[in-house]
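Taking it in order: structure first as structure tokens, then the write-up.
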């Protein structure tokens with residue numbers, strides 16, 4: 004799937020326009036209506052700009068609408084607060100800058116020790132692409148047994164057991180793509196992100212469909228169901244916390260309701276990994292990536308499935 008890096012604003016506007024149904028805003032669809040979503044002139048009218056100006060926005064011939072116009076567009080397209088913020092960033096993209104060659108990220112040994120002190124709480128550190136940089140013993144056990152257990156995006160879309168592992172796969176997939184969109188924002192100079200998006204676009208029709216929607220969803224917290232091959236059904240609440248010493252990293256912590264069946268299942272899973280220590284798994288390989296150095300005294304990862 005090609006990404007027009009020169010017209011991100013126009014792509015976003017068109018995608019959101021096509022998702023908004025006329026009846027959602029009180030416009031009769033009519034039996035002869037053939038347009039998917041709203042017409043350009045309808046969005047222009049709702050926004051309070053001329054049709055020609057709006058068309059220029061979608062086509063990339065007008066790239067810097069005022070903040071007032073962006074706010075009006077967000078209202079017309081009924082965007083969430085997160086999506087409206089994304090639209091503002093697209094209208095005011097950061098200055099292009101040359102990125103240094105991609106290097107493997109390191110997780111602080113202090114954070115690794117902290118995670119190791121949570122024997123009953125699965126914890127995972129991921130990078131901006133949701134590749135796993137580190138886990139504690141219970142976090143490793145939660146995702147163990149999957150081809151892409153060290154890459155949470157590829158696990159969702161490429162792992163053959165993903166739809167079994169995630170009983171609410173559709174919701175998890177949409178949330179994952181929305182989070183990835185939020186990460187990318189207006190910066191499409193990140194080669195690691197672009198390679199990930201390109202690979203998934205080729206290999207997964209579901210990813211292509213969801214990516215084209217341009218949904219924006221931050222993954223700060225939520226509840227997720229798992230079907231674990233050893234522990235069975237798990238319903239876990241998660242919190243994603245930014246690591247201040249490494250802002251591109253997120254610490255994701257999972258918890259079950261105290262005394263619930265999921266809490267008992269986590270205890271069972273913990274008893275099977277009681278002798279394990281915090282380890283830093285080898286991330287899913289990417290072209291040109293440097294080998295990853297270990298942090299602290301990690302336990303070597305389990306062999307990857309062929």
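Residue numbers (this note's numbering): 4 to 309. For glycine and all other residues, C-beta sits at the position ideal for the given N, C-alpha and C. Please read all numbers here as calculations on a predicted model, not as lab measurements.
Report the three-state DSSP secondary structure of residue i (helix, strand or coil).
i	result
residue 49	helix
residue 26	helix
residue 16	helix
residue 9	coil
residue 140	helix
residue 109	coil
residue 134	strand
residue 221	coil
residue 288	Caution is warranted here: a pLDDT of 45 is assigned to residue 288, below 50, making its placement in the model unreliable, and no coordinate value can be reported.
residue 114	helix
residue 44	helix
residue 237	strand
Span of the alpha helix (DSSP H) holding residue i?
i	result
residue 125	Run containing residue 125: none; DSSP gives neither H nor E here.
residue 73	70-79
residue 60	54-62
residue 264	264-275
residue 85	84-94
Given residue i, which residues of its chain have a CB within under 7 Å of its CB, disregarding the five upstream and five downstream residues?
i	result
residue 151	157, 158, 161, 162, 287
residue 73	90, 91, 94
residue 258	124, 239, 240
Excluding sequence positions up to five away, which residues of its chain have a Cβ less than 6 Å from the Cβ of residue i?
i	result
residue 242	224, 256
residue 68	94
residue 133	155, 156
residue 49	79
residue 290	Residue placement at residue 290 cannot be trusted, given a pLDDT of 38 that sits under 50; what the coordinates show is reported in the next sentence. Counting only Cβ-Cβ distances below 6 Å, and skipping sequence neighbours, we find nothing.
Looking only at its own chain, which residues have a Cβ that is under 8 Å from the Cβ of residue i, when we skip the five neighbours before and after it?
i	result
residue 128	110, 114, 118, 135, 136, 137, 138, 246, 252, 253, 254, 255
Just curious, the beta strand (DSSP E) that residue i is in, first and last residue?
i	result
residue 248	Looking at the DSSP string, residue 248 is not in any beta strand (DSSP E), and its letter there is neither H nor E.
Checklist line | Segments assigned alpha helix (DSSP H), at least 4 residues, entirely inside the stretch 144-210 | finding: Runs found: 155-161, 165-168, 172-187, 194-206.
Decide yes or no for the touch test of the stretch 84-91 against the stretch 50-63: beta carbon pairs closer than 8 Å, at least 3 of them.
In the pairwise beta carbon analysis, the stretch 84-91 is classified as not touching the stretch 50-63: fewer than three pairs are separated by under 8 Å.
(Q) For the pair the stretch 202-210 and the stretch 219-229, tell me if three or more CB-CB distances fall below 8 Å. (A) As far as the Cβ criterion goes, the stretch 202-210 does not touch the stretch 219-229, which means the pair count is below three.
- Are there three or more Cβ pairs, one per stretch, closer than 8 Å when the stretch 164-179 is compared with the stretch 229-237? The stretch 229-237 and the stretch 164-179 touch, with three or more beta-carbon pairs separated by less than 8 Å.
Is it a yes or a no for the stretch 116-124 touching the stretch 262-274, going by three-plus beta-carbon pairs under 8 Å?
Because the criterion of three Cβ pairs below 8 Å is met, the stretch 116-124 and the stretch 262-274 touch.
request  = Indicate whether the contact test is met: 3 or more Cβ pairs, each with one atom in the stretch 38-45 and one in the stretch 238-253, closer than 8 Å.
outcome  = With a cut-off of 8 Å, the stretch 238-253 and the stretch 38-45 do not count as touching, because too few Cβ pairs lie within range.
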